[in-house]
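In the working numbering, the protein residues as written are 306 to 401. Yeah, the Cβ is synthetic: ideal placement off N, Cα and C, and Gly gets one too.
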């Protein structure tokens with residue numbers, strides 16, 4: 306192999322590796338991109354801090370739940386007695 310071709314090929318490999326590492330590192334450290342998909346699914350309230358009240362006594366029939374569907378950005382759930390539904394959006398680490 307021509308020495309010039311070997312040098313150019315090596316330089317291209319190094320640049321490609323650096324670009325890939327930079328891109329992967331940025332995605333790993335981007336909390337917004339990781340957290341959005343982690344929202345997907347059902348969430349249930351299991352604990353409340355504050356005065357000593359039996360959690361099971363507060364919600365004897367139905368514990369508060371929330372369901373996020375990231376595919377269509379819909380949210381639904383119940384508060385223990387009332388139901389709700391709507392759309393949500395995320396911005397960095399905020400849900401609205």
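If we count the other Cβ atoms within 10 Å of its Cβ and call it buried at 16 or more, is residue i buried or exposed?
| i | result |
| --- | --- |
| residue 385 | exposed |
| residue 373 | buried |
In angstroms, rounded to a whole number, what distance separates the CA positions of residue i and residue j?
| i | j | result |
| --- | --- | --- |
| residue 378 | residue 366 | 28 Å |
| residue 392 | residue 375 | 10 Å |
| residue 400 | residue 389 | 16 Å |
| residue 387 | residue 397 | 29 Å |
| residue 353 | residue 383 | 16 Å |
Closest to residue i by C-alpha separation, out of the options, would be which residue?
| i | options | result |
| --- | --- | --- |
| residue 349 | 375, 343, 369, 376 | 369 |
| residue 351 | 344, 341, 362, 394 | 362 |
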